[in-house]
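Following the UniProt record's numbering, the numbering of the sequence shown begins with 1 at its first residue and continues without gaps.
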Amino acid sequence: LRFDHQGNMNSPFSSSALDHLNTTHSCYHHLLSQAFYTEVQFEYGTVAMEIDSSTSINEDLADTEGIRHAFRAYHRWVRRHYPEPRLPALQHNPDQLFFLAAAQPYCAVLPDLAKIFLMEVDEHLPNDLRVNSIMMNTPEFSRAFNCSPPSRMSPPHTCHVFQ
1 LRFDHQGNMN SPFSSSALDH LNTTHSCYHH LLSQAFYTEV QFEYGTVAME IDSSTSINED
61 LADTEGIRHA FRAYHRWVRR HYPEPRLPAL QHNPDQLFFL AAAQPYCAVL PDLAKIFLME
121 VDEHLPNDLR VNSIMMNTPE FSRAFNCSPP SRMSPPHTCH VFQ
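Structure below.
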């Protein structure tokens, strides 16, 4: 974001916009480092894994902002057309179904060694952490599922590029 299309240091963004983005990066890094620490067991022992969001932060923020804005667009559509009916025989309301549908493409069982590998080299978090990082940073998710703050899925502070 600090360089133009030819690679020259000439950002199209104002210094205040870049400062806001840096603040958001710091906020998100802090949020993830507090929320995600896991011990992964595999055939050779146990590996303690901490999130290093420096590799995935841009993708994480894009995912989170995408979900937030898609949810807002969905709500605008519902207001203009008609209220969403509840689906028969399901306990989830339409807002909850929105978030379940958003998470569903990431459903997968990863072998532990693959998870370790992905945390080291991929620009995305492993699927389970990716979904949880998006949802915990989305206040609309917390409201839809009645997550009581402060909790893992409803932290006291969330981080957003856009308001």
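The beta carbon of each residue, even a glycine, is placed where N, CA and C say it ideally should be. Given the structure is predicted, the values throughout are model-derived calculations rather than measurements.
query = When the Cα atoms are used, what is the spatial distance from residue 52 to residue 87?
reply = If you number the sequence shown from 1, residue 52 lands on position 52. If you number the sequence shown from 1, residue 87 lands on position 87. Computed Cα separation, rounded: 40 Å.
key: Which of helix, strand or coil DSSP assigns to residue 55   = The residue given as residue 55 occupies position 55 in the sequence shown. Coil, per DSSP.
message = Considering only the alpha carbon of each residue, which of 121, 24, 29 and 140 lies closest to residue 72?
response = Within the sequence shown, numbered from 1, the residue matching residue 72 stands at position 72. The shortest C-alpha separation from residue 72 is found at 140.
inquiry  = Quick check on the DSSP output: the alpha helix (DSSP H) that includes residue 131 runs from which residue to which?
reply    = By 1-based counting over the sequence shown, the position of residue 131 is 131. Note, residue 131: alpha helix (DSSP H), 127 to 136.
message = I'd like to know whether the C-beta of residue 125 is nearer than 8 Å to at least one C-beta of chain B.
response = Among the chains of the structure shown, chain B does not appear; only one protein chain is present.
inquiry  = Whether or not the region 116 to 127 and the region 90 to 100 are in contact is what I'm after, with contact meaning three or more pairs of Cβ atoms, one per stretch, closer than 8 Å; do they touch?
reply    = Between the region 90 to 100 and the region 116 to 127, the count of Cβ pairs shorter than 8 Å is below three; the stretches do not touch.
query = Going by beta carbon distance, what residues of the same chain come within less than 6 Å of residue 118, once the five residues before and after it are set aside?
reply = Within the sequence shown, residue 118 is the residue found at index 118, counting from 1. Result list for residue 118: 126, in chain order.
message = Given a cut-off of 8 Å on the beta-carbon distance, is the pair residue 106 and residue 130 in contact?
response = Residue mapping note: residue 106 aligns to position 106 of the sequence shown, counting from 1. Residue mapping note: residue 130 aligns to position 130 of the sequence shown, counting from 1. Yes, the Cβ-Cβ distance between residue 106 and residue 130 is below 8 Å.
ask   = Which ranges would you report for the alpha helix (DSSP H) in the UniProt domain "Peptidase M13 C-terminal" (2 to 161) if only whole runs of at least 4 residues count?
value = Listed in chain order, the alpha helix (DSSP H) elements of length 4 or more contained wholly in the UniProt domain "Peptidase M13 C-terminal" (2 to 161) are 15 to 35, 57 to 81, 94 to 103, 112 to 121, 127 to 136 and 139 to 144.
message = Rounded to the nearest angstrom, what separates residue 179 and residue 145 at their Cα positions?
response = Lying outside 1 to 163, the shown extent of the chain, residue 179 is not represented and no answer is given.
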